[in-house]
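A.B. asks: Here it is, the structure in full.
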Amino acid sequence: MTLPSGITFSSDYKVGLPGRFNVAVPFIDRHLGEGRGAKVAIRTATETVTYGELAERVNRAGNALLAAGLKPGDRLLMVVKDCPAFFYLFWGAIKAGVVPAPLNTLLRTADYAYLFEDSGCRLVVYSSEYAKEVEPALKQVATKGSTADAFLAEMAKASPALEARLAAPTDDCFWLYSSGSTGRPKGAVHLQRDMVVTSELYGVRALGVCEDDISYSSGKLFFAYGLGNSMTFPLWTGSTAVLDDRRPTPDTIFETIETFKPTLYYGAPTLYAAQLAALDAKPRRLDGIRACVSAAEALPADIFRRWKEKTGTVILDGIGSTECLHIFIGNRLDDCRPGTSGKPTPGYEVKIVDENGKPVAKGASGRLWIRSESAAKYYWNKPEKTAETMVDGWLNTGDTYRQDEDGYFIYDGRSDDMLKVGGIWCSPVEVESCLIAHPAVLEAAIVGHADENSLIKPKAFVVLKQPGSGGAALTEELMALCKTTLAPYKYPRWVEYVTELPKTATGKIQRFKLRS
Ligand code: 3UK
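The numbering of the sequence shown is our numbering, which starts it at 83 and goes up by one.
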């Protein structure tokens, strides 16, 4: 793909941008000049939006925001489902100089009240599906709100022309709140240049997204993962995004894939596991897909193997974060090692360090830090968190990683989830992957549990494919499987059968909730 005019990447992957610009121009308006006005940008079950229509509605949305009294720099909070209006609001805001902050749509009133207050936002636009949780929060903190439908009606009255407000590449552009397993959410402030960097370095160069692609992501737009998958990568390449506003289940995902025939599918390990179980019951057609991507938590090698066996497609696991915006270490179609996160995305600097900040010996486990041009600049209103996490341009991921003999990065769990067993590190993820390989097991979580000597040992919480089928015999079998597959000290001393695991909105297991 040729880069939009005025934008360059050097041979060492540094982005070059005009001193004054607006990032809505290369992502939205550029396509009109490049002849894509009639090309489909977005497809949903009920709607098709061309690049021409998109550009006009982005302008109308920007004008409607200005008419509602928002000034450049003001925050627009969005509680919006995966639908075209998400694009209009997000880009309309950016083009007008307003800062959009998409929020998780699965939160409760108390969470929204906190976020409306923390952000000091001028307006909240929400899909009416979320009115029950959002409207009481608007009242509590006296914030102005509008349903997405009411906003679309304002857009219809607004002018279809809007001049882009110019900014510097390192000016604040949009926010994403990072959920975190503990503490209040933190607003990560992203810059004008950040989406250019992720779209080009991961989307185009690492994954190979191109103009002919059709992208579909089960991870929603409000996650950094979905924002790249379903919006910035397709818009950067002039290709097509498929949006589905339903809660993703194996059935809705397969139905969407069969209807729209995406070429790229972006999922997460929990869903791939559920999809595999569903494929056992009913075969589905996935033949248009040329690559599947997985992120949000480590993809067990066994899921990779079974998916490839069943569908013929590889799943490219990659680690990204809200702060880095998208995948910074990932597998590639031409370089993939199952059971690892792959290798650094070219353009992302990576280091694994010990407790003193010194790089570890190759192969040793340590804390992962990242430096890049797509990193959030700071956390809104949280100077201490900012100082802790962002140091000299480097970002502390909070993840523990090591490299195998060929340089592939292996995830060893969150730094705070690691266990010391008999004085030796034990990765919960490693034990879980082993348990998941057992045919009766759907999901598993490992946490530390004190034994009769108050020493921490691994304990397993296991979800079975057939609930209620667990018992002493299966427990023996699972322990034996771990003892024979892993270093024996890592086997779970207790196995508890549960019907589900506590998870964050992004689908990550909340191991801290299982600790006792
Ligand atoms: C964990 C992974 C192992 C890891 C994300 C792709 O997940 C995303 O962002 P979040 O801010 O969480 C970041 C944290 O999640 N993680 C993510 N991917 C993997 N661990 N293997 C993986 N493949 O702890 C990381 O620090 O919710 C993912 C693109 C954009 C994203 N924001």
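Even glycine gets a Cβ: it sits at the ideal position worked out from N, Cα and C. Only a predicted model underlies this, so the values are computations on that prediction, with no experimental measurement involved.
Exposed or buried, what is P108 when buried is set at 16 or more other beta-carbons lying within 10 Å of its beta-carbon?
C.D. replies: P108 is buried by the Cβ-count criterion.
A.B. asks: Going by the C-beta, is K585 closer than 7 Å to any heavy atom of the ligand 3UK?
C.D. replies: K585 Cβ: outside cutoff for every heavy atom of the ligand 3UK.
A.B. asks: For G489, I'd like the list of residues in its chain whose CB is within less than 7 Å of its CB, leaving aside the five on either flank, ordered along the chain.
C.D. replies: Cβ within range, chain order: K425.
A.B. asks: Using 8 Å as the threshold, is the C-beta distance between P441 and K433 below it?
C.D. replies: In this structure, K433 lies closer than 8 Å to P441 by Cβ.
A.B. asks: Classify M160 as helix, strand or coil using the three-state DSSP reduction.
C.D. replies: Residue state, collapsed to three classes: strand.
A.B. asks: Please report the distance separating the alpha-carbon of A120 from that of M472.
C.D. replies: For A120 and M472, the distance between alpha carbons rounds to 43 Å.
A.B. asks: So what's P130 in DSSP terms, helix, strand or just coil?
C.D. replies: A quick correction: the sequence has Thr, not Pro, at residue 130. Note: T130 maps to strand in three-state DSSP.
A.B. asks: At what residues does the beta strand (DSSP E) containing G290 begin and finish?
C.D. replies: Note, G290: premise wrong, no beta strand (DSSP E); not H, not E.
A.B. asks: Shortest alpha-carbon distance to E534 belongs to which of W576, E559, V513?
C.D. replies: Ranking the options by Cα distance to E534, first place goes to W576.
A.B. asks: Could you spell out the range, first to last residue, of the alpha helix (DSSP H) harbouring F169?
C.D. replies: Counting along the chain, the alpha helix (DSSP H) containing F169 begins and ends at 166-178.
A.B. asks: Assuming G144 and G174 form a contact by the criterion Cβ under 8 Å, report the distance between their Cβ atoms to the nearest whole angstrom.
C.D. replies: That pair is a contact at about 4 Å.
A.B. asks: When the Cα of D254 is compared with those of Y347, V286, V180, C203, which residue comes out closest?
C.D. replies: Comparing Cα positions, the closest option is V180.
A.B. asks: Excluding the five sequence neighbours on either side, which residues of its own chain have a C-beta within less than 7 Å of the C-beta of S228, listed in chain order?
C.D. replies: Taken in chain order, the residues that qualify are L205, V207.
A.B. asks: Indicate, with yes or no, if the ligand 3UK has a heavy atom lying under 7 Å from the CB of S210.
C.D. replies: Not under cutoff, so the answer is no.
A.B. asks: If you drop the 5 nearest sequence neighbours on each side, which residues of the same chain put their C-beta closer than 6 Å to that of D327?
C.D. replies: Cβ neighbours of D327 beyond the five flanking positions: K163, D164, C165.
A.B. asks: For a quick check, are the C-beta atoms of V375 and P344 less than 8 Å apart?
C.D. replies: Not in contact: V375 and P344 (Cβ atoms no closer than 8 Å).
A.B. asks: Quick one, what's near the ligand 3UK if you take every residue whose CB is closer than 7 Å to any heavy atom, in chain order?
C.D. replies: Ordered along the chain, the selected set is S260, S261, F305, A306, Y307, G310, S376, A377, A378, E379, A380, L381, D399, G400, I401, G402, S403, T404, E405, L407, H408, I409, S423, T479, G480, D481, Y493, R496, T588, K590.
A.B. asks: Helix, strand or coil for I528 per DSSP?
C.D. replies: In this structure, I528 counts as strand in the three-state DSSP scheme.
A.B. asks: If you check the beta carbons only, do G445 and R484 fall under 8 Å apart?
C.D. replies: Result yes, Cβ atoms of G445 and R484 sit closer than 8 Å.
A.B. asks: So the candidates are I385, Q274, T404; which of them puts its Cα closest to the Cα of R102?
C.D. replies: For R102, the nearest C-alpha among the options comes from Q274.
A.B. asks: Do three or more CB pairs link the region 345-360 to the region 458-470 at distances below 8 Å?
C.D. replies: The region 345-360 is not in contact with the region 458-470.
A.B. asks: Helix, strand or coil for K595, going by three-state DSSP, please let me know.
C.D. replies: Correct three-state label for K595: helix.
A.B. asks: Grab me the residues of A383's own chain with a C-beta within less than 8 Å of its C-beta, minus the 5 sequence neighbours each way, in chain order.
C.D. replies: Answer for A383: P420, G421, S515, listed in chain order.
A.B. asks: Once you ignore the five residues that flank K390 on each side, which residues in its own chain have a CB closer than 7 Å to its CB?
C.D. replies: These residues qualify, in order along the chain: V396.
A.B. asks: Determine, using beta carbons only, whether G589 and A378 come nearer to each other than 8 Å.
C.D. replies: It is a contact, given that the beta carbons lie within the stated cut-off.
A.B. asks: By the 10 Å Cβ neighbour count, where 16 or more other Cβ atoms means buried, how is F594 classified, buried or exposed?
C.D. replies: By the 10 Å Cβ count, F594 comes out exposed.
A.B. asks: In three-state terms, what does DSSP make of Y579?
C.D. replies: In the structure shown, Y579 sits in a strand (DSSP, three-state: E or B).
A.B. asks: In angstroms with no decimal places, state the Cα-to-Cα distance between T581 and T334.
C.D. replies: Each residue's Cα considered, the two are about 22 Å apart.
A.B. asks: Is it buried or exposed for L136, if we count other Cβ within 10 angstroms and need 16 for buried?
C.D. replies: It is buried - the Cβ of L136 has at least 16 other Cβ atoms within 10 Å.
A.B. asks: Can you list, in chain order, the residues of its chain with a C-beta nearer than 8 Å to that of L358? Leave out the 5 residues immediately preceding and following it.
C.D. replies: Excluding sequence neighbours, L358 sits near I385, R388, W389, K392.
A.B. asks: Quick check on DSSP: helix, strand or coil for N413?
C.D. replies: Correct three-state label for N413: coil.
A.B. asks: Nearest to Y370 by CA position, among A150, L407, G394, is which residue?
C.D. replies: Note on residue identity: the sequence assigns Gly, not Tyr, to residue 370. Nearest of A150, L407, G394 to G370, Cα basis: G394.
A.B. asks: Just to confirm my understanding: we take L248, look at its own chain, exclude 5 residues before and 5 after, and list those with CB closer than 7 Å. What are they?
C.D. replies: So the qualifying residues of the chain are R102, F103, N104.
A.B. asks: Between the alpha carbons of Y430 and E558, how many angstroms are there, rounded?
C.D. replies: Each residue's Cα considered, the two are about 44 Å apart.
A.B. asks: So what's K343 in DSSP terms, helix, strand or just coil?
C.D. replies: Note: K343 maps to coil in three-state DSSP.
A.B. asks: Which residue marks the beginning of the beta strand (DSSP E) containing V206, and which one marks its end?
C.D. replies: Where V206 is concerned, the enclosing beta strand (DSSP E) stretches over 205-208.
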